[in-house]
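Peer 1:
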Amino acid sequence: MENLYHYLGIIFFILLTIKLLARNKTQNLPPSPFSLPIIGHLHLIKNPLYQSLAKLLSKYGPVLYLRIGCRNVLVLSSPAVVEECLTNNNTFANRPRTMAGDLLTYNYATFVWAPYGPLWRNLRRLSVVEIFSSDSVQKFSSIREDEVVNFVRRLFEVSARNDTQKLDMKYLFGLLATNVMLQMVAEKRGVEDPRDIEAEKRFFREFKDMFFPSLGTNICDFFPVLRWIGFLGIEKNLKELHRTRDEYVQNLVDGIRLKKTKKNSSLIEKLLSIQEEDPNLCSNEVIKGMILMMFIAGTETTAVTMEWAMSLLLNHPEALHKARAEIDSQVGHDRLLNDSDLAKLPYLRCIVNETLRLYPPAPILLPHCSSEDCVVDGYEIPKGTLLLVHAWAIHRDPGLWEEPAEFKPERFGERTLEDRKGLKYLPFGVGKRACPGNTMGLRLVLLALGAAIQCFEWEKVGSDKVDMTPGSGITTSKAQPLEALCRPRLDLVKLLSQI
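Residue numbering for the sequence shown is 44 to 542, as defined by our numbering.
Here you go:
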């Protein structure tokens, strides 16, 4: 009997291999490396993923076809083909179903992962009109300003005591982004007293462990049999993560619900008021899913961008000095930079734009999935194919950008971002699934970076340049967290001592 199962396994393996090879020969698929039976191209995928895919794109061209386990994958680094797929039709408007999506998104009741259709349209409209509208961005300006004041105060207290003490900028930027998001969502800080430094550190560690893990794919999505056998406890760990997240988010909602205020001063209050008017549009799962996406998409990505921007400025002091001169001329030394000043600081915006070009928080945009067989750039693409847009490769393509590896904020000078020239700049995605909260996040990055430049003199730790090696995660975080030195500017000491 054992030999029978053994022979049947061999026969199944051979038939599957023949079927896959025959299908690949009959279909007009994009260029692809040699694949192995069953695992496909898995052996070619290394960490970090975006660098591994970038090497394959450089060898096989900007339209790359891969097969990993049971999934077909289309990788693009051509702006024209990205436009064809994501702006000219709806074939790739869906997200793929994944284990993380099944377990962490309240049955896909989030605008990021909801399947394309009526539910997604309602959630998208809810997010664009009620959460990320220009009125909402303006309404939350006081929260951003208050938390940036706390951030500046922390820097001043540390540097005034000892200007040779190294500052953990990764932590400080992360804490700032988290407190801003919490204030917007639930009108509360992680720790109410910003002077309780140890409590803030404990809170941030716990929050980071809960919400910084991504909703990306994992090995079980490509080899479903691994999910059936509980491979590495991945599913068990995701279920526990969901339980922890859900308990935290539910407590936030319950706390606001008990207040019974009608001010709509927080996201939860706004969503609860919408729920009273239309329970079907804004169910409890939709409210919690919206909060979840705010925490996941709005904290780490914002903090990572601020850390990269400051790292680039430390390595390019001429850009830092130019940004400071711009701020001094528009704001002066008598008050702290505020949200309304940002429109008058085009060079500061150029710095952030260039940072996002060189180090987009999501080097590979969130995956799309084809809802039917289709033709892309003349190639036949099967239904259910994952589409990965390689933003990192597009942003560093020498055919699209002059000296693409160099930090040149001036390249964004007179040209506006509306002049995208075939979608060559897409840190926030593109098409129907583009990030609706980009303006909200950019405002915080600009305000925090501008205040840090305005108030302090900055120096590297040591004589060497800041290490700009990216890490190996899904987001483009720094491999070595940024540490820096700062001291208050003499003209700003009086102002800083009063905040």
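Note that the Cβ used here is the ideal one computed from N, Cα and C, for glycine as well.
On a predicted model such as this, the values are computed, not experimentally measured, just so you know.
#1: Could you name the residues of the same chain whose beta carbon sits closer than 6 angstroms to that of E461, not counting the 5 residues immediately before and after it, in chain order?
#2: Can you give me the Cβ contacts of W501 inside the same chain, cut-off strictly under 8 angstroms, excluding the 5 residues immediately before and after it?
#3: Would you mind stating whether L388 and E369 have Cβ atoms separated by less than 8 angstroms?
#4: Starting from the C-beta of Y151, find all residues in its chain whose C-beta is less than 7 angstroms away, skip the five residues before and the five after it, and write them out in chain order.
#5: I'd like the span of the beta strand (DSSP E) that includes R530, first residue to last.
#6: Under the three-state reduction of DSSP, which class applies to Y214: helix, strand or coil?
#7: Does E343 pass the burial test, meaning 16 or more other C-beta atoms within 10 Å, or should it be called exposed?
#8: Throw me the rounded Cβ distance for the K543 and Y149 pair, which I believe falls under 8 angstroms.
#9: Have a look at R503 and E350 and give me their C-alpha separation to the nearest angstrom.
#10: What are the partner residues of C498, as DSSP defines its beta bridges?
#11: Leaving out five residues on either side along the sequence, give the residues of the same chain with a beta carbon under 6 angstroms from the beta carbon of L314.
#12: Buried or exposed, going by whether 16 or more other CB atoms sit within 10 Å of the CB of V172?
#13: Is the number of C-beta pairs between the region 271–285 and the region 120–129 that are closer than 8 angstroms three or more?
#14: Given this structure, state the Cα-to-Cα distance separating T512 from L301, to the nearest angstrom.
#15: Thinking C-alpha only, which one of M227, E320, T482, L258 is nearest I339?
#16: Could you name each continuous alpha helix (DSSP H) segment of 4 residues or more that falls completely within the region 249–274, going from the start of the chain to the end?
#17: So, for V268: in the same chain, excluding its five sequence neighbours on each side, which residues have a beta-carbon less than 6 angstroms away from its beta-carbon?
#18: Count the other CB atoms, across all protein chains shown, that sit within 10 Å of the CB of P360; report buried if there are 16 or more and exposed otherwise.
#19: Thinking C-beta only, is T260 closer than 8 angstroms to T141?
#20: So what does N412 bridge to, in DSSP terms?
#21: Whole angstroms is fine: what's the gap from N481's alpha carbon to R187's?
#22: Which of the three DSSP states, helix, strand or coil, is assigned to K620?
#23: By DSSP, does C417 sit in helix, in strand, or in coil?
#24: Locate the beta strand (DSSP E) running through Y390, then write down its first and last residues.
#25: Decide if the region 247–256 is in contact with the region 215–226; the criterion is three or more beta carbon pairs, one per stretch, under 8 angstroms apart.
#26: What is the DSSP secondary structure of K279, counted as helix, strand or coil?
#27: Classify K426: buried if its beta carbon has 16 or more other beta carbons within 10 angstroms, exposed otherwise.
#28: Per the contact definition of three or more C-beta pairs closer than 8 angstroms, is the region 401–411 in contact with the region 372–381?
#29: Could you please give the first and the last residue of the uninterrupted alpha helix (DSSP H) stretch that includes L107?
#30: Which partner residues of N294 appear in the DSSP bridge assignment?
#31: Report back the beta-carbon spacing between Q70 and E423 to the nearest angstrom; my notes put them in contact at under 8 angstroms.
#32: Quick one: grab the DSSP three-state call for L539.
#33: Compute the distance between the beta-carbons of T348 and V155, then report whether it is under 8 angstroms.
#34: R114 by DSSP, collapsed to three states: which one?
#35: Going straight from the alpha carbon of P122 to that of A242, what length do you get?
#36: Whose C-beta lies closer than 7 angstroms to the C-beta of F455 among residues of the same chain, with five residues either side of it excluded?
Peer 2: Based on what the coordinates show:
#1: Because the pLDDT at E461 is just 48, under 50, the model does not fix this residue reliably, and the value given afterwards should be weighed accordingly. Closer than 6 angstroms at Cβ, skipping near neighbours: no residue.
#2: Taken in chain order, the residues that qualify are M353, L356, L357, L363, A495, A527, L528, C529.
#3: One thing to note: L388 has its Cβ within 8 angstroms of the Cβ of E369.
#4: G144, A157, P158, listed in sequence order.
#5: Judged by DSSP secondary structure, R530 falls within the beta strand (DSSP E) whose first and last residues are 526–531.
#6: Helix, per DSSP.
#7: Under this definition E343 is a buried residue.
#8: For residue 543 there is no data in the structure shown, the boundaries of the chain being 44 and 542.
#9: Note on identity: in this sequence residue 503 is Lys, with Arg being the wrong assignment. About 13 angstroms.
#10: None; C498 has no bridge partner.
#11: Same-chain partners within the cutoff: C325, I330.
#12: Result: exposed.
#13: Contact fails: fewer than three Cβ-Cβ distances are below 8 angstroms.
#14: Taking C-alpha positions only, T512 is separated from L301 by approximately 47 angstroms.
#15: Cα-wise, what sits closest to I339 is L258.
#16: The region 249–274 is shown to contain whole alpha helix (DSSP H) runs of 4 or more residues at 262–265, 267–271, in chain order.
#17: So no residue of the chain qualifies.
#18: It is exposed - the Cβ of P360 has fewer than 16 other Cβ atoms within 10 Å.
#19: Taking 8 angstroms as the Cβ cut-off, T141 and T260 qualify as a contacting pair.
#20: Before going further, note that residue 412 is Cys rather than Asn in the sequence given. C412 is bridged to N137, L429.
#21: Roughly 15 angstroms separates the two Cα atoms.
#22: This structure cannot speak to residue 620, because the chain is shown only from 44 to 542.
#23: In the structure shown, C417 falls within a strand segment according to DSSP collapsed to helix, strand and coil.
#24: That residue, Y390, is in no beta strand (DSSP E); its alpha helix (DSSP H) goes 389–401.
#25: Contact between the region 247–256 and the region 215–226 is present, because at least three Cβ pairs lie under 8 angstroms.
#26: The answer is helix: DSSP assigns K279 an H, G or I state.
#27: So K426 counts as exposed.
#28: In short, these stretches do not touch, since the Cβ pair count stays below three.
#29: Counting along the chain, L107 falls outside any alpha helix (DSSP H), though it belongs to the beta strand (DSSP E) covering 106–111.
#30: None; N294 has no bridge partner.
#31: Right, the Cβ-Cβ distance comes to about 5 angstroms (below 8 angstroms), so this counts as a contact.
#32: Reduced to three states, the DSSP call for L539 is helix.
#33: Contact flag unset, no.
#34: Secondary structure at R114: strand, using DSSP grouped into helix, strand and coil.
#35: Just so you know, the alpha carbons of P122 and A242 end up roughly 46 angstroms apart.
#36: Non-local beta-carbon contacts of F455 in its own chain, meaning distances under 7 angstroms to residues more than five positions away in sequence, involve C393, N396, E397 in chain order.
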